[in-house]
Each structure stands twice: as C-alpha cells, then as structure tokens.
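Following: one structure in structure tokens, then a few remarks.
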Amino acid sequence: MNQTDRPIANSIVVLREEFDDWAVLFNSDTADAVGTNPVGVAVWKLMNGKRSIEDIVSQIRKSFGDVPEAVSKEICTFVNTLADNGFVGLALESK
Amino acid sequence: MSRVMRTPRSVTVEITARCNLRCRYCYFFNNPVVEYRDLPADEWLKFFDELGSLGVMEVILAGGEPFIREDLRLLIDGIVRNRMRFAFLSNGGLISDETATFLAGTGRCDYVQVSVDGSCAEVHDSCRGKGSFDAAIRGIRTLQRHGVGVAVRATIHRSNVHDLENIAHFLLDELGLPDFGTNAAGYMGSCRGNADDVLLNIVERKEAMATLLRLAAKYDGRISANAGPLADGRMWHRMEEARTQNAPAFNNGGHLTACGCTYSKIAVRADGVIIPCSMLAHLELGRINHDSLAEIWNNSPVLNQLRNRHTIPLSGFEFCAGCSYIPYCTGNCPGLAYALTGIVDHPSPDACLRRFLKEGGTIE
Numbered sequence: 001m002n003q004t005d006r007p008i009a010n011s012i013v014v015l016r017e018e019f020d021d022w023a024v025l026f027n028s029d030t031a032d033a034v035g036t037n038p039v040g041v042a043v044w045k046l047m048n049g050k051r052s053i054e055d056i057v058s059q060i061r062k063s064f065g066d067v068p069e070a071v072s073k074e075i076c077t078f079v080n081t082l083a084d085n086g087f088v089g090l091a092l093e094s095k
Numbered sequence: 096m097s098r099v100m101r102t103p104r105s106v107t108v109e110i111t112a113r114c115n116l117r118c119r120y121c122y123f124f125n126n127p128v129v130e131y132r133d134l135p136a137d138e139w140l141k142f143f144d145e146l147g148s149l150g151v152m153e154v155i156l157a158g159g160e161p162f163i164r165e166d167l168r169l170l171i172d173g174i175v176r177n178r179m180r181f182a183f184l185s186n187g188g189l190i191s192d193e194t195a196t197f198l199a200g201t202g203r204c205d206y207v208q209v210s211v212d213g214s215c216a217e218v219h220d221s222c223r224g225k226g227s228f229d230a231a232i233r234g235i236r237t238l239q240r241h242g243v244g245v246a247v248r249a250t251i252h253r254s255n256v257h258d259l260e261n262i263a264h265f266l267l268d269e270l271g272l273p274d275f276g277t278n279a280a281g282y283m284g285s286c287r288g289n290a291d292d293v294l295l296n297i298v299e300r301k302e303a304m305a306t307l308l309r310l311a312a313k314y315d316g317r318i319s320a321n322a323g324p325l326a327d328g329r330m331w332h333r334m335e336e337a338r339t340q341n342a343p344a345f346n347n348g349g350h351l352t353a354c355g356c357t358y359s360k361i362a363v364r365a366d367g368v369i370i371p372c373s374m375l376a377h378l379e380l381g382r383i384n385h386d387s388l389a390e391i392w393n394n395s396p397v398l399n400q401l402r403n404r405h406t407i408p409l410s411g412f413e414f415c416a417g418c419s420y421i422p423y424c425t426g427n428c429p430g431l432a433y434a435l436t437g438i439v440d441h442p443s444p445d446a447c448l449r450r451f452l453k454e455g456g457t458i459e
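Chains as they are written, first to last, in the numbering used here: chain A, 1 to 95; chain B, 96 to 459.
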C-alpha cells in the first residue's frame, strides 16, 4: 500500500496538557518529549490520518482568531519535526 | 516558582510493604501511621489504567523491596500497556538474569536505583545486613550485563563516613558506573530507634562534607546529591559566600521554597493510600480506585497547602529569629522538617547552617 499525504499521530505518543494550554508530547518508547503551544496541541489532535496538511491548516484558521499568513509553513515545519522524531507518520491508502 | 501541572508527571508507587532486608536507617519501616500490607495486582492494574488516562509519564516502583513481588511482570505489563515508563528503587538483592532480561525487553525501564553504602561487605552490611553487599553488586552487574540503566545511591551514615573515597573509587572506577548519587540517613522510620548509631555527629558531618566536595571535584560531575552532606556542603558554601559579600537575596531565598515535588509528583503507599511524598506518609490524601487522582491532584487542600509553602517567610519562625542567612535559605525538605519538629510548614533543623556552625561545624 502507498502512503498518503495525511499525517497520523503515533498512537504510542501521549499528549500531556500541562498548564496554560501548553503541552508535552511524550513518546514512552523512546522517552523523547516535545513541548508545544496551544496551536500545536490542536494540530496534534487533528492528525488522525484522515486530514491532509491543507485540511489541518484550514481547520486551524477556523478555530483560532487572527491567524498569521505564515501558519501554513509553520504547521508544515511542526509536522515534519514530529515526523523526523517518530511522533507522526503518514496514513496508508485504504483499499 | 513553577506552576502546577494539570496531572502529575511522575508517580512513586510503593508496590509492596515487604522487604528482604531490615536496614537500620530505613525510612519506610517503623512508621506508626502506615499500614504495612500489600494490595493485589488487580488493584494496581486498575490504578495504572487511571495513570495512563491522565498522561502520567513515569511510575517509580518502590517499597519495601519492589522485586519481592511475585507478580511484578504483570504490574509492569500494566504500566507499559498504559504508555508509561518506569524505574525502580531497590536494594538490588533480588534481581535475577530472568528479571533483567524482562526489564530490558520492555524498552521502558529508565533505571534501577540500587543502594550501595560501602566499598566492601563489611561497611555496606553494617547497616543493611549480612550478605546484602554481595547481593547488591551481583544485581548491579546483572543489570549492566543486560543493558538496563543502573543508578546507585549511597546513603551516608556513621559506619561508612570514613569509606567515602573507597566507595567513589569502587563505584566509578571498578564498577564503571557513569555517576552515583549520595544522601544521608535521616531521622525517620527505623532510624529513629538507631539514631545514635546511624546519624552523623557534627565532626563526621564536617568530614563527610569536606570529603564529598573533594571527591565531587576529582570525579568531575560524576557524584551528585539532592540531600545529605554533599548537597548541604554546596548550598552552605553559596550561602556563606553570599552572606559575607552582603549579596542580594537568592531568588528562592527567605521562604519555604525548597520542595517543588508537589508540582509534578505524587506518591502512593503500599496500602493504596495516596500521599504527597514517601517522606510525608502521614498526609493521607485519598485511596486509589476509590478517589479520583485528578481530583486530589487539583483540589486537595493538603496538596495546595504544601504548594503554598513558598509563601511562608522564614522570618516568621522563632527558629530563624535573627539569622543572617535567611535571604539565602530555602528551609529544605518538609519531610525532614516534619520528622524533626512535628510540623510540615517549618524549616528543617537538619539543614540549618546557623545551627551547624553553632554546634561546631565549619565551612572551609
């Protein structure tokens, strides 16, 4: 099966919302942790393998007021960083 | 001061009240408020499910001696299943090849902390019992062989204070550990009945501080301490230097700021009673599987009072009256403060630099 362009969160990773809506993503297999702001938390929750990056950016624009133009690039960077660290993969095509 | 997390990051769980040793300074045994009984595995497994749902990152398995539980693998499976990591506080004596293989296989064991109090059996066994040194070292070597992280803690007491140089050489040079930690026997649990034989007197404390400071410099960064002579020595040197230079108050100075544990950690006794910390086992916050941990964490008046200790000025204590170190003092551990004074919200007399100097101590 081929990979899609739809990111999917690694199910082993735990989202720990800590305070002021900031959070830590924690991979209990590797002990790696990444801190993230409220937008990152929202992006994480949207990565269910059914939405493309464009869908996620669109949803973020709807959910947060006063979203800067650069948000699309920033979300891509965020998702790529997570992917590089094994926190995110790409969903496979379903038959 | 850091803010409180929504849920604890780390939970210390005393999974058993049993132990194969009876160490003379054990903080755990002989605490009159504790009911020494074990819970069945299904109680712990249900609790681990709750911890998983709260996003807890690490479970510290303590006791008693955690490796004494026959159903340990079942409990660890429950931790792993809930996407958490784990660590152990152990005397090392019950760690077999099979156990180490299992721990390594989970990929989730951060470390096993083994207590080593001497460079040889004669010193180590003086407080821990015959055969305990050989068993601990065998356990460490077994863990090393299987690639499981080992942390060693040396507790300083009257019988090993003259062995510190040998201990450092043995642990760092012979066993090849990257580092080890130190603390000191405290006036808690079994130690209360053996205090005269176990706790350092002022001369021994001075010796321990000087030796450990020298060894810490020699073994650059490889000897650590959050409590005990090395931690006191480091802190008291800073305080004395600040006082003589009439330096501004330390950021955390002048109030009961020492303990930040209650912002990110909590503990559970072997009988299932939730407590702030193993050093404060009398402060019962609730019971696992009966009370919501999230509710306790966020709303317990006892926990919130502990978290607000940092607002209590040292200048308000008669114990601190007229002390020139107040701007640089944090009051130290509330557990030890309670053990020595019967009051949690009190500076710990054991960590008082002025008292140390008054009793003949020196900062060199």
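Note that the Cβ used here is the ideal one computed from N, Cα and C, for glycine as well.
None of the values given here were measured: they were computed from a predicted structure.
Contacts that residue i makes with chain B (C-beta to C-beta distance below 8 Å)
i, result
"Ala9 (chain A)", "Per Cβ cutoff of 8 Å: no residues; Ala9 (chain A) is ~12 Å from chain B at best."
"Phe19 (chain A)", "Arg98, Val99, Met100 and Arg101"
"Ile12 (chain A)", "Arg178"
"Leu15 (chain A)", "Gly150"
Interface residues of chain A facing residue i [CB-CB closer than 9 Å]
i, result
"Asp38 (chain B)", "An answer regarding residue 38 (chain B) cannot be provided, because it is not within the stretch 96 to 459 covered by chain B."
"Gly242 (chain B)", "Those do not exist, as Gly242 (chain B) stays about 15 Å from chain A at its closest Cβ, beyond 9 Å."
Residue i: contacting residues in chain A (beta-carbon distance under 7 Å)
i, result
"Gly202 (chain B)", "Asp29"
Any chain A beta carbon closer than 8 Å to residue i
i, result
"Arg101 (chain B)", "yes"
"Met304 (chain B)", "no"
"Arg404 (chain B)", "no"
"Thr107 (chain B)", "no"
"Gly150 (chain B)", "yes"
Below-8 Å beta-carbon distance, residue i vs any chain B residue
i, result
"Ile75 (chain A)", "no"
"Ala64 (chain A)", "It is worth fixing the name first, because residue 64 (chain A) is Phe in this sequence and not Ala. No, Phe64 (chain A) does not count as interfacial toward chain B."
"Leu82 (chain A)", "no"
With 16 other Cβ atoms within 10 Å as the buried cut-off, status of residue i
i, result
"Ile438 (chain B)", "exposed"
"Phe19 (chain A)", "exposed"
"Pro371 (chain B)", "buried"
"Leu169 (chain B)", "exposed"
"Glu454 (chain B)", "exposed"
"Ser94 (chain A)", "exposed"
"Glu160 (chain B)", "buried"
"Val298 (chain B)", "exposed"
"Ser227 (chain B)", "buried"
"Thr81 (chain A)", "exposed"
"Val108 (chain B)", "buried"
"Asp327 (chain B)", "buried"
"Asp133 (chain B)", "buried"
Supposed close pair residue i, residue j - CB separation, criterion 8 Å
i, j, result
"Leu448 (chain B)", "Met334 (chain B)", "6 Å"
"Thr306 (chain B)", "Leu267 (chain B)", "That belief does not hold up - the Cβ atoms of Thr306 (chain B) and Leu267 (chain B) are roughly 15 Å apart, past 8 Å."
"Thr102 (chain B)", "Trp392 (chain B)", "6 Å"
"Arg402 (chain B)", "Val99 (chain B)", "6 Å"
"Cys114 (chain B)", "Ile163 (chain B)", "7 Å"
Contact set for residue i: own chain, Cβ-Cβ below 7 Å, skip 5 residues either direction
i, result
"Arg338 (chain B)", "Ser419, Tyr420 and Tyr423"
"Phe265 (chain B)", "Ser214"
"Ile171 (chain B)", "Phe181 and Thr201"
"Arg300 (chain B)", "Pro324 and Gly456"
"His377 (chain B)", "Val128"
"Ala312 (chain B)", "none"
"Asp32 (chain A)", "Asn85"
Residues near residue i in its chain [Cβ-Cβ closer than 6 Å; skip 5 each side]
i, result
"Met96 (chain B)", "Low per-residue confidence applies at Met96 (chain B): pLDDT is 46, beneath 50, and the placement is therefore not dependable enough to give any value."
"Ala446 (chain B)", "Asn427"
"Glu17 (chain A)", "Ala23"
"Lys141 (chain B)", "Asn384"
"Val57 (chain A)", "Ser72 and Ile75"
7 Å Cβ cut-off: residues of chain B touching residue i
i, result
"Phe26 (chain A)", "Met152"
Min CB distance residue i to chain C below 8 Å
i, result
"Leu325 (chain B)", "Of the chains in the structure shown, none is chain C; the protein chains are A and B."
Nonlocal neighbours in the same chain, by C-beta distance under 8 Å from residue i, ignoring five residues either side
i, result
"Leu409 (chain B)", "Gly349, His350, Leu351, Cys415, Cys418, Ile421, Cys424, Gly426 and Pro442"
"Leu92 (chain A)", "Met1, Asn2, Gln3 and Thr4"
"Tyr282 (chain B)", "Ala290, Leu294, Leu431, Ala434, Leu435 and Asp445"
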